[in-house]
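Have a look at the structure below, then the notes.
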Amino acid sequence: MERSQFFSAQAGRFIEMPRHATARFGIGDVVRHRMFDFRGVIFDIDPVFSNSEEWYEAIPQDMRPRRDQPFYHLLAENEDSSYVAYVSQQNLLSDADGGPVDHPNVPELFEEFRNGRYRMRRSLTH
Numbered sequence: 001m002e003r004s005q006f007f008s009a010q011a012g013r014f015i016e017m018p019r020h021a022t023a024r025f026g027i028g029d030v031v032r033h034r035m036f037d038f039r040g041v042i043f044d045i046d047p048v049f050s051n052s053e054e055w056y057e058a059i060p061q062d063m064r065p066r067r068d069q070p071f072y073h074l075l076a077e078n079e080d081s082s083y084v085a086y087v088s089q090q091n092l093l094s095d096a097d098g099g100p101v102d103h104p105n106v107p108e109l110f111e112e113f114r115n116g117r118y119r120m121r122r123s124l125t126h
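If you count the sequence shown from 1, position 107 lands on 107 in full-length UniProt numbering, and the numbers rise without skipping.
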């Protein structure tokens, strides 16, 4: 299998990955966590786990997701707060029917919420 690599500032190292990776969700999709009570809008995708070892080791071993899958950066919210979350693909479900996400940073990255997803601001796309 052909491999590729990229530098992850979060991990502070180069990350190896398959040359071809498939993500179930896309930027602008609204998702919810499979086990925890929060939802969010995806603003970035890592093809494989690309965070720090400390972050990974802080997850209880019986709940740790596989590293060899896409991980998503979310503008997340729950009943109490808004924050940024980093979540494995195996722990996300579509939540397009839940309506827009009420995170204060959504307007900085996205335009309107339509047909169950957000459209990224044109000034941020290439």
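Glycine included, C-beta positions come from ideal geometry on N, C-alpha and C.
Give the DSSP bridge partners of residue i, in chain order.
i, result
"A21", "Beta-bridge pairing links A21 to no other residue."
"M63", "Beta-bridge pairing links M63 to no other residue."
"E77", "R39, S82"
"V93", "Checking the displayed sequence, the identity of residue 93 turns out to be Leu instead of Val. According to DSSP, L93 bridges with R32."
"V106", "Per DSSP, none; premise fails for V106."
"V87", "Y72"
"I45", "Y72"
"Y118", "F113"
Give the C-beta separation of residue i and residue j to the nearest angstrom, bearing in mind that I take them to be a contact with Cβ-Cβ under 8 Å.
i, j, result
"P70", "D46", "7 Å"
"D68", "V48", "6 Å"
"M120", "F113", "With 8 Å as the limit, M120 and F113 do not qualify as a contact, their Cβ atoms being about 12 Å apart."
"R24", "G98", "About 17 Å; that fails the 8 Å criterion."
"S88", "P65", "3 Å"
How would you label residue i, buried or exposed, when you count the other beta carbons within 10 angstroms and need 16 or more for buried?
i, result
"R12", "Checking the displayed sequence, the identity of residue 12 turns out to be Gly instead of Arg. Exposed, since its Cβ has fewer than 16 Cβ neighbours within 10 Å."
"E53", "exposed"
"L92", "buried"
"F7", "exposed"
By Cβ distance, which residues of its chain are closer than 7 Å to residue i, with the 5 residues on each side in sequence left out?
i, result
"Y86", "N51, F71, H73"
Just verifying my parser: in three-state terms, what is the DSSP assignment at residue i?
i, result
"S123", "helix"
"M101", "Inspection of the sequence shows that residue 101 is occupied by Val rather than by Met. In the structure shown, V101 sits in coil (DSSP, three-state: anything other than H, G, I, E or B)."
"E2", "coil"
Within the same chain, show all residues whose beta-carbon is closer than 6 Å to that of residue i, passing over the 5 residues directly before and after it, in chain order.
i, result
"A76", "F38, G40, Y83, A85"
"E108", "none"
Would you say the beta carbon of residue i comes nearer than 7 Å to a heavy atom of the ligand NAD?
i, result
"G98", "This structure simply doesn't include the ligand NAD, nor any ligand for that matter."
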